[in-house]
Structures are given as C-alpha cells and as structure tokens.
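With the sequence shown counted from 1, adding 32 to any position gets you the numbering used here. Quick reminder that beta carbons are idealized off the backbone N, C-alpha and C, glycines included. To keep things clear, I will list the structure first and then write my remarks on it.
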Amino acid sequence: MPLTPLALHDLTEAVLGCVCAALQATAEEVDGQPACPCRACVVPGAVAWDSCGDPCSGSGDGGQLSVNVVRLNPTNPFPNEDRTVQGARNCQPPTTTAVEIAVTLLRCAPTVDEQGCPPTCQELEQAARIVHVDAVTVFNALYCCLPGTGGGRRGRKFVMGQQRTLGPEGGCVGVEQRVTVALPGCVKCPEGA
Numbered sequence: 033m034p035l036t037p038l039a040l041h042d043l044t045e046a047v048l049g050c051v052c053a054a055l056q057a058t059a060e061e062v063d064g065q066p067a068c069p070c071r072a073c074v075v076p077g078a079v080a081w082d083s084c085g086d087p088c089s090g091s092g093d094g095g096q097l098s099v100n101v102v103r104l105n106p107t108n109p110f111p112n113e114d115r116t117v118q119g120a121r122n123c124q125p126p127t128t129t130a131v132e133i134a135v136t137l138l139r140c141a142p143t144v145d146e147q148g149c150p151p152t153c154q155e156l157e158q159a160a161r162i163v164h165v166d167a168v169t170v171f172n173a174l175y176c177c178l179p180g181t182g183g184g185r186r187g188r189k190f191v192m193g194q195q196r197t198l199g200p201e202g203g204c205v206g207v208e209q210r211v212t213v214a215l216p217g218c219v220k221c222p223e224g225a
C-alpha cells in the first residue's frame, strides 16, 4: 500500500484527538485537574510556547496541546533507520517508514508575585500534581489509541520514546512525549522516477 499524501497529517490529527479525549476523561476523574486545553492543534515544526494561560478568554481550560512531526525516515526493520545506499535509477522504496512525533502539553506554572516572592510550596506542589497527572495521561493515551490508528490485524506498530518535563519557563510548565510510529512504505514509484 503506498504512503498516501495525508498519511502524516491524518496520524497527527488522530493522536491529537486521542490525547485530548484522554485529558477530558482524566479531568472528570481527578478533582482539580484541568481538561484538554482549548488551544489544541497540530503544528508545523517546533512548538512555539504561545499560550500557557487561558487563550479562550475564560471559556475553556488554559494551556496548549500540540502535536508535531519531528522526523521521517525509511526503516528496516522497524524502528531501525535504513541507511541503504540507493542508486540514481533504483526506485526501491522502503517497506516501512518511521515517523517520530512529539506530543507537547503546556500548563501555567506558578511564578514570582508582585512583591518578588517565589511561589509557595503549596503552589509548586499543585503545579507538580497537574504535570504528573498530565504525564501519565498522555503516556497512557498513546499506548491505548495508537494501535487503532492503522490498518492490519494487529494495528499500527509504534515505539514509545522519552518523555520529559518542560520548564518552568516563561510561566509555562509541561511535558513532551516522543513516539516513533510505523507507516506503510511506498511500494510504487511515480511515473518517470
């Protein structure tokens, strides 16, 4: 099956929807946990920390959820990068293509007050609790929904990458989860290749 032009975008949209739904469910289950941010989108390239506050003018949960493509490479076997040298006239597409995506979730971080005093331990603990619940929710969401985003009997193959805490910086704190996902390789070259 050829790699369709929308294969990457469809995958990132599916991941965004899955993670957002998981954040909504967690907010209903855990008291004080914010839901999916109203600013949730697939972004091109690196994530800009545009908004950690309430970008919805009081009409939704603040923060920012972003999904972006980090890199795309041929793989053989998955998830190893295939570095086979190809000739100028040799159209041998990979059997599988690996795409690394990043899911980034940012929330407000407690900051210095008007008198220059640092956040209290209670404020820091509450922010840490939110980040920790977000981290587990994003991790679990990917494990649960990624297999269902592809075809085949066993679903889509994927390898969970590193998750790291981001910030606090500029009033934002959050998590970034990397995951490498298998896409079917292009088995048919365009005419004239």
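Burial state of residue i, where buried means 16 or more other Cβ atoms lie within 10 Å
i    : result
Q147 : exposed
V211 : buried
D166 : buried
T36  : exposed
A225 : The pLDDT assigned to A225 is 49, lower than 50, so where the model puts this residue is not dependable; a value taken from the coordinates is nonetheless given after this. It counts as exposed.
P200 : buried
A214 : buried
P76  : exposed
P23  : What is shown of the chain runs 33 to 225, which leaves residue 23 out entirely.
A53  : exposed
V135 : buried
Cβ-Cβ distance between residue i and residue j below 8 Å
i    : j    : result
V170 : V51  : yes
E45  : V79  : no
C70  : L55  : no
V168 : T197 : no
C72  : L97  : According to the sequence as given, residue 72 is Ala; it is not Cys. Result yes, Cβ atoms of A72 and L97 sit closer than 8 Å.
R188 : L178 : yes
Identified DSSP bridge partners for residue i
i    : result
G206 : L138 and L198
P216 : T128
A72  : L97
I133 : V101 and V211
F190 : V213
P106 : T129
F157 : According to the sequence provided, residue 157 is Glu. The question's Phe does not apply to it. E157 pairs with nothing; no bridge assigned.
E113 : T107
Closest Cα partner of residue i within the set the options
i    : options                   : result
A173 : A159, A39, G49 and L43    : G49
C140 : L38, D82 and A78          : D82
L38  : Q194, V101 and R161       : V101
V232 : V207, I133, P142 and Q194 : This structure does not reach residue 232, given that the chain is present from 33 up to 225, and the question cannot be answered.
Q194 : G182, V99, V207 and R188  : V207
Q154 : V163, P142 and H164       : P142
A59  : L215, P179, V213 and R161 : R161
V131 : V99, P150 and L156        : V99
C84  : T152, P216 and A159       : A159
L43  : Q65, L156 and L104        : L104
G64  : D114, E157 and R115       : E157
Anticipated Cβ contact below 8 Å, residue i with residue j, distance rounded
i    : j    : result
G95  : L137 : 7 Å
T129 : N108 : Contact doesn't hold; Cβ gap of about 10 Å is too wide.
P111 : V62  : Contact doesn't hold; Cβ gap of about 33 Å is too wide.
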